[in-house]
Amino acid sequence: MSEHLTVVTHPLVQHKLTLMREKETSTAVFRQLLREISQLLAYEVTRELDMTTKHIETPIQAMDAPVLAGKKLALISILRAGNGLLDGVLELIPLARVGFVGLYRDEKTLQPVQYYFKVPTELEDRLVIAVDPMLATGNSSVAAIDLLKEAGAKNIRFLCLLAAPEGIARMKEAHPDVPIVTAAVDEKLNEHGYIVPGLGDAGDRMFGTK
Ligand code: URA
6 MSEHLTVVTH PLVQHKLTLM REKETSTAVF RQLLREISQL LAYEVTRELD MTTKHIETPI
66 QAMDAPVLAG KKLALISILR AGNGLLDGVL ELIPLARVGF VGLYRDEKTL QPVQYYFKVP
126 TELEDRLVIA VDPMLATGNS SVAAIDLLKE AGAKNIRFLC LLAAPEGIAR MKEAHPDVPI
186 VTAAVDEKLN EHGYIVPGLG DAGDRMFGTK
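Written out as structure tokens, the structure is:
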């Protein structure tokens, strides 16, 4: 991808995002919408995958038809909210390998603390798509990408649902080589590091923990 930031303005994405933002939206509906929206975002983040052709026969005649070049893909969920995006993306790309980076945000310092890291082998040969619904301060996203690069990843994309200008700037500074795909860029962060207007705590909303 050539752009550092891609905002997916498709009407279906925007409509579903609005429903997700509403505070009255139930956990079940939120989760379903996240699944649907993640597939639409996956469509965008994979738009420029390498293609090749395969010789096939249709019921009418033979042809060389386009297929994915088979470049190895790895989806990396940044726990725990990343799992909400992961499910939908995996439905669209079932052959992708999957990894997990566990980071929690220290509520006082807002700094990420690592508690889990398990990723597929040969990361250096794969297109790595890191998923996390909320790009807020950017601290955990930057830390997760740092870890993925340390593990060998060279071709990384970051997929989120909502981004704050602060997080985008932080990612651009730390990882200018990592394109970001998001459904919206919101106004700002509040004093607690939440995206405004945002949708609240994505993990709590998708898992019903509050
Ligand atoms: N994480 C969330 O879940 N929501 C925010 O607004 C910011 C970080």
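Under our numbering, think of the first position of the sequence shown as 6, with each following residue one higher.
Think of the CB as a built atom: it goes at the ideal place given N, C-alpha and C, for glycine as much as any other residue.
Spatial distance of residue i from residue j (CA atoms)
i      : j      : result
Leu219 : Leu140 : Because the chain here runs from 6 to 215, residue 219 falls outside it and cannot be looked at.
Pro202 : Lys193 : 8 angstroms
Gly104 : Ala189 : 25 angstroms
Ile98  : Asn195 : 35 angstroms
Ile200 : Leu24  : 16 angstroms
Gly93  : Gly208 : 16 angstroms
Gln37  : Thr63  : 36 angstroms
Lys21  : Pro138 : 14 angstroms
Phe212 : Leu91  : 14 angstroms
Pro170 : Thr126 : 33 angstroms
Val34  : Ala47  : 20 angstroms
Asp191 : Met56  : 34 angstroms
Cys165 : Leu10  : 11 angstroms
Glu29  : His197 : 22 angstroms
Residue i and residue j closer than 9 angstroms at C-beta
i      : j      : result
Ile81  : Val136 : yes
Ala148 : Gln119 : yes
Leu45  : Val18  : yes
Leu217 : Gly157 : Any question about residue 217 goes unanswered here, given that the chain covers just 6 to 215.
Ser43  : Gly75  : no
Ile134 : Val50  : yes
Ala79  : Leu39  : no
Opposing strand residues paired with residue i [DSSP bridges]
i      : result
Pro117 : Arg110
Val50  : DSSP lists no partner for Val50.
Ile42  : Note: Ile42 sits in no beta bridge, so no partner.
His60  : Asp69
Ser82  : Phe105, Val136
Lys123 : Phe105
Residues of its chain near residue i, where Cβ-Cβ distance is below 7 angstroms and the 5 sequence neighbours each way are ignored
i     : result
Ala70 : Thr58, Lys59, Ile61
Met6  : Glu53, Arg162, Pro184
Sequence-distant residues of the same chain with beta carbon closer than 8 angstroms to residue i, five excluded per side
i      : result
Leu152 : Val106, Gln119, Phe122
Leu108 : Ile83, Leu84, Pro117, Val118, Gln119, Tyr120, Ser145, Ala148, Ala149
Residues near residue i by beta carbon distance below 6 angstroms, same chain, minus five either side
i      : result
Gly143 : Gly172, Arg175, Met176
Arg85  : Gly208
Lys215 : Asp209
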